[in-house]
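Colleague: If you number the sequence shown the way numbering that gives the first Met the number 0 does, the last residue is 111 and the count never jumps. Let me begin by handing over the structure; questions about it come next.
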Amino acid sequence: MTLPSADHQAPACGACHGETTHDGDDFVCYDCHLAFDPETLEARFLDPDAEVCGQPCDNTWHDDNAITVGEGFNCHPCQLPKGHDGANWFHWTGCEPITLTSPAPATAGANT
Ligand SMILES: [Zn+2]
Ligand SMILES: [Zn+2]
Ligand SMILES: [Zn+2]
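Quick look at the structure:
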């Protein structure tokens, strides 16, 4: 009896979540122009000389208190290589959720 063995699937691109293509060396997302190390899955630019896209984050949900009161985002410009493809609204900014510092003065240990 013979059963089919399982296939490894190519990992999903961390930016657009599309399937990557194994180019013999790395997993590559041709939409985002990123290459992922097959061992660590760490991303790098497909073209190491490419400039950074730099499109500013325009997600209005990233405004202070937009989703949750007291929370906002530390926004970054798009960090993909310039000229990356995919939907033209798609940029990967890697914005980090942050807790907004309350305007009221902190009481414990604020002044030293
Ligand atoms: Zn991608
Ligand atoms: Zn943002
Ligand atoms: Zn971009």
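Where a beta carbon is used, it is the ideal one built from N, C-alpha and C, also for glycine. As the structure is a computational prediction, the values presented were derived from the model and not from experiment.
1. Using the three-state DSSP reduction, which class does T98 fall into: helix, strand or coil?
2. What first and last residue would you give for the beta strand (DSSP E) that runs through D34?
3. Is any non-hydrogen atom of ligand 1 found closer than 6 Å to the C-beta of D30, if you look at the structure I gave you?
4. Output the boundary residues of the beta strand (DSSP E) element that contains C28.
5. Considering only the alpha carbon of each residue, which of N58, G82 and H83 lies closest to G71?
6. Could you pull out every residue in the same chain whose Cβ sits closer than 7 Å to the Cβ of D63, ignoring the five residues on either side in sequence?
7. Return the chain-ordered list of same chain residues with a C-beta closer than 7 Å to the C-beta of G17, the five sequence neighbours on each side being excluded.
8. What residues in its chain sit with their C-beta under 7 Å from that of P37, if we drop five residues either side in the sequence?
9. Between C52 and ligand 1, is there a pair consisting of the residue's CB and a ligand heavy atom that are separated by less than 6 Å?
10. What do you get for A5, buried or exposed, if any count of 16 or more other CB atoms within 10 angstroms of its CB means buried?
11. Could you tell me which whole beta strand (DSSP E) segments of length 3 or greater appear in the stretch 50–93?
Modeller: Let's see:
1. Start at 1 with the first residue of the sequence shown, and residue 98 comes out as number 99. Reduced to three states, the DSSP call for T98 is strand.
2. Within the sequence shown, residue 34 is the residue found at index 35, counting from 1. It is worth fixing the name first, because residue 34 is Ala in this sequence and not Asp. Its beta strand (DSSP E) spans residues L33 to F35.
3. If you number the sequence shown from 1, residue 30 lands on position 31. Yes; taking the cut-off as 6 Å, the Cβ of D30 has a heavy atom of ligand 1 nearer than that.
4. Taking the first residue of the sequence shown as 1, we reach residue 28 at position 29. C28 -> beta strand (DSSP E) spans F26 to C28.
5. Within the sequence shown, the letter at position 72 stands for residue 71. Out of N58, G82 and H83, N58 has the C-alpha closest to the C-alpha of G71.
6. On the sequence shown, position 64 is the one that residue 63 refers to. Contacts found: G71 and L99.
7. The residue given as residue 17 occupies position 18 in the sequence shown. For G17, where only same-chain residues beyond five positions count, the Cβ hits under 7 Å are A11, C28 and D30.
8. By one-based count along the sequence shown, residue 37 stands at place 38. Contacts found: D25 and F26.
9. Along the sequence shown, read from residue 1 onward, the residue named residue 52 stands at position 53. No, since every heavy atom of ligand 1 falls outside the 6 Å radius drawn around the Cβ of C52.
10. The residue you call residue 5 lines up with position 6 of the sequence shown. When all chains shown are included, A5 counts as exposed.
11. 70–73
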